[in-house]
Amino acid sequence: MVDIRCDECGFDCDYSINGEMEQVVFSYWNHMAKEHGIEYSPGTLGSYIKKRILTQINS
Ligand SMILES: [Zn+2]
6 MVDIRCDECG FDCDYSINGE MEQVVFSYWN HMAKEHGIEY SPGTLGSYIK KRILTQINS
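Counting from 6, one number per residue, gives the positions in the sequence shown under my numbering.
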């Protein structure tokens with residue numbers, strides 16, 4: 006299980022999602038595009054989320 010909060014990504018937004026990696030990447034990518042008009046490539050977002058997860062594990 007991984008979780009991502011939009012406000013931790015620098016947005017004034019209370020969106021959060023948790024679940025399986027692929028699902029989180031897809032849902033958050035969708036949220037970014039729809040709510041913030043930012044279309045990251047899924048690859049960019051995926052590697053960002055992986056980095057965040059590693060940080061969470063290490064802290
Ligand atoms: Zn958001």
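For every residue, glycine included, the Cβ atom is placed at its ideal position computed from N, Cα and C.
Straight-line measurement puts the Cα of residue 63 at about 23 Å from the Cα of residue 48.
Residue 43 places its beta carbon 8 Å or farther from that of residue 29. Annotation: the continuous beta strand (DSSP E) that includes residue 21 extends over 21-24. For residue 53, the Cβ stays outside the 7 Å cut-off from all heavy atoms of ligand 1. With respect to residue 33, residue 50 sits close: the two C-beta atoms are nearer than 8 Å. Under the DSSP assignment, residue 58 falls in the alpha helix (DSSP H) whose first and last residues are 47-63.
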